[in-house]
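Here the structure is laid out as structure tokens; the discussion comes afterwards.
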Amino acid sequence: MSTNNFLRAALGSFCCCVTLIAFSWGYQQGATTPGHVVKDPNTCLYVPGAGFSGFFYTIGHLQAAPELTGSDKTDYYCYSAGCLATTAALANITVYDVYDTALEIQGLWRSGGISQFQVVEEFVDYLITTGSQRTLNAEAVAKMHIITSTHSNADAWLPETSVRTPKNFIELKEMLLQSAWIPGMTGDDWASDGHVDGSFTSTSHPVCPSAVNLPKLSLTWESLEFYSNILFGLNMNKDQGERFWSAGVKRGLEVAQRKVLVQP
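Counted the way mature numbering (1 follows the signal peptide of the UniProt record, and there is no 0) counts, the sequence shown spans residues -30 to -1, 1 to 234.
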């Protein structure tokens, strides 16, 4: 293995560990340590990232509870795969369309047609191109508030949270890629114009009264399968994707039913 490849692999492994630690701890703690104030807490929905498995889970969760994506007043605060799933849900892209495209991109990667660093961009291009032909428009894009991690303060030891709202499809693509940028894993450099995956600052994310709830981490096969595919899901198969999506649908239906029961 060449020196460059070794450093890249080492960097990727290190970032995997950091991201998993930040994600598993920060997702639980983030709601208690806000770094930003949302415009209107009553219309805020927090959509966390959870890699490959979380993408399918979140699509199921959002589409099973249509009030989460059907309200013109809802603002979506998301990062990483959570933003990709939100884009798909707002664009009304079916999970079956997503499966087919994901398998095509996976095939390109396996055959050497694209590198691992091009996988996310290929998928983002698909979401925006397909979405623009359906229900993804300027109004929908303006409802997305994309969270990234930055290090703009030279005196700061830790990265800071950045929340931006895209104005058009060009900015949407740029921010989606930056929010899912993990050095050595999805990105081939330390950062994308100073931005990296939003999970690195999850303890200072905006606080919303509603959120997409990810599966609890436990010693069950379902939990281990889900969390092991967050970062290492490039080889994930269709059956796994369907299981994650079904789990999200089940959770989304539970949320929708609970909202119905509490209505006066």
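Beta carbons: idealized from backbone N, C-alpha and C, even for Gly. Predicted model, so just to flag it, every value in this text is computed and none were measured.
Where residue i falls: helix, strand or coil (DSSP)
| i | result |
| --- | --- |
| A61 | coil |
| M114 | strand |
| residue 241 | For the chain, the structure presents residues -30 to 234; residue 241 sits outside this window and is missing. |
| H121 | coil |
| A20 | coil |
| A181 | strand |
| G203 | coil |
| R104 | coil |
| G30 | helix |
| G83 | coil |
| Y69 | helix |
| T13 | helix |
| S132 | strand |
Whole-angstrom distance between residue j and residue i, CA atom to CA atom
| i | j | result |
| --- | --- | --- |
| P136 | Y49 | 13 Å |
| H175 | A181 | 12 Å |
| P129 | D167 | 11 Å |
| K220 | S122 | 41 Å |
| E141 | A108 | 11 Å |
| T64 | E91 | 19 Å |
| G19 | F25 | 7 Å |
| F22 | E212 | 12 Å |
| H165 | H115 | 15 Å |
Assigned exposure category for residue i - 16 Cβ within 10 Å defines buried
| i | result |
| --- | --- |
| T99 | exposed |
| A217 | buried |
| P153 | buried |
| A110 | buried |
| Y66 | exposed |
| L60 | buried |
| W160 | exposed |
| Q33 | buried |
Whole-number beta carbon distance between residue j and residue i, since they are thought to touch under 8 Å
| i | j | result |
| --- | --- | --- |
| A55 | V17 | 7 Å |
| L204 | Q86 | 7 Å |
(message) Tell me whether the segment 144 to 151 and the segment 194 to 204 touch, counting them as touching only if at least three CB pairs, one residue from each stretch, are closer than 8 Å.
(response) With a cut-off of 8 Å, the segment 194 to 204 and the segment 144 to 151 do not count as touching, because too few Cβ pairs lie within range.
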